[in-house]
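Position 88, counted from 1, in the sequence shown is what our numbering calls 123; the numbers after and before it change by one each time, with no gaps. Beta carbons: idealized from backbone N, C-alpha and C, even for Gly. The block underneath contains the structure these notes are about, expressed in structure tokens.
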Amino acid sequence: MPPSGGQHRTLVDSATATLHEAILTGRLPAGTPLRLNEMAELLGMSMSPVRESIRRLAAIGLVEVVQHKGAWVMPLTVEDAIDTHETRIAMESVLIERAAARFTPDDARRAQAALDEHLAASERGDVPAARRAHTEYHFTIYRAAGSRWLLRGLEPVWENSERYRFATVTPTRQSEDRVREHRAILEACIAHDVESAVHAVRVHIQHAADRVVAKMTADAAPGKSGSSKAAPRPRGAR
């Protein structure tokens, strides 16, 4: 007997969540073919919910589907990494500007709790928990902006940038610079210092882009100096 409508949706949600996490963390690397029969066997379910989950992932830009050819995880390129981080800078600058102006003590407590969990999970090597807490930290701040449309627009861009982060940077044991950047963003929001908050976010994203591009360039051309394509510097990032 085929699953009921509710059961089917549950299976689709489960397949989507599993494949989504595998793509973001690199367990399904860029360019991996997503063959329905293989994915269904891997997930222990029929091909129907897997097919729908792949469509969902294609809708947010993590998977490419070509009719009569199949589906595969979207490739990672320097050009796309730059575009992704430039888009983040543009969108998150607007969000943080609004958020910092209306940040509340409750927002601060939630953001601090997420940041604490991110750092703790990173220290203990719990990569999935660290990723979730990192996302929750930033989006807790951005929700204070009060714009559901900007948040919805940011989500797929953010997730694509997470693919680059996991593919190029060890996601555990946060560097002092990254810890300092996260704290600077939150402190500026708590102080309602809009200019400092915008600057802190732009610098934070730019540094992430620089790390990604440097690693991708080094991997593509080992031992060659002067061949890297630097990520563009955003206006206002010093």
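Notebook entry, point to check: What are the uninterrupted segments assigned as beta strand (DSSP E) that are 3 or more residues long and contained completely in the region 107-155, given in chain order?
Noted result: None, since the region 107-155 contains no complete beta strand (DSSP E) of that length.
Next item on the list: Whole angstroms is fine: what's the gap from S262's alpha carbon to E211's?
Entry: Along the sequence shown, read from residue 1 onward, the residue named residue 262 stands at position 227. Along the sequence shown, read from residue 1 onward, the residue named residue 211 stands at position 176. Note on S262: pLDDT 38, under 50, position unreliable in the model; no value is reported.
Checklist line | Beta-bridge pairing of G105 - partner residues as DSSP gives them | finding: Here residue 105 refers to the residue found at position 70 of the sequence shown. Answer is V101, bridged to G105.
Checklist line | Rounded straight-line distance, which links the Cα of A146 to that of A136 | finding: The count along the sequence shown starts at 1 and reaches residue 136 at position 101. The count along the sequence shown starts at 1 and reaches residue 146 at position 111. In a straight line, the C-alpha of A136 is about 16 Å away from that of A146.
Check: For A226, which of D142, D254, I58 has the nearest alpha-carbon?
Finding: Numbered from 1 along the sequence shown, position 191 holds the residue referred to as residue 226. Answer by Cα proximity: D142.
Item checked: Boundaries (first-last residue) of the alpha helix (DSSP H) holding G188 -> Numbered from its first residue, the sequence shown carries residue 188 at position 153. First-last of the alpha helix (DSSP H) with G188: 183-203.
Check: Out of curiosity, what's the CA-to-CA distance linking W107 and E121?
Finding: Along the sequence shown, one-based indexing puts residue 107 at 72. Along the sequence shown, one-based indexing puts residue 121 at 86. Each residue's alpha carbon lies about 25 Å from the other.
Notebook entry, point to check: Does DSSP put P163 in a helix, in a strand, or in coil?
Noted result: Locating residue 163 in the sequence shown gives position 128, where the first residue counts as 1. Three-state result, P163: helix.
Note to self: Our contact map puts V277 next to E216 with C-beta atoms below 8 Å; I'd like the distance itself, whole angstroms only.
What the structure shows: A question about residue 277 goes unanswered here, because the residues of the chain that appear run from 36 up to 273.
Margin query: Given 7 Å as the limit, tell me if A155 has its C-beta closer than that to any heavy atom belonging to the ligand ATP.
Written below: Absence of the ligand ATP from the depicted structure is noted, as is the absence of any ligand whatsoever, leaving it without description.
Next item on the list: Decide if Q102 is buried, meaning its Cβ has at least 16 other Cβ atoms within 10 Å, or exposed.
Entry: On the sequence shown, residue 102 is found 67 positions in, with the first residue counted as 1. The residue is exposed, with fewer than 16 neighbouring Cβ atoms inside 10 Å.
Check: With V192 and R123 assumed to form a contact (beta carbons below 8 Å), what rounded beta-carbon distance in angstroms separates them?
Finding: Position 157 of the sequence shown, counting from 1, holds the residue named residue 192. Position 88 of the sequence shown, counting from 1, holds the residue named residue 123. That belief holds up - the Cβ atoms of V192 and R123 are roughly 6 Å apart, short of 8 Å.
Margin query: When you compare the region 65-85 with the region 178-191, are there three or more beta-carbon pairs, one atom per stretch, that lie closer than 8 Å?
Written below: A contact is defined here as three or more CB-CB pairs under 8 Å, and the region 65-85 fails this definition with respect to the region 178-191.
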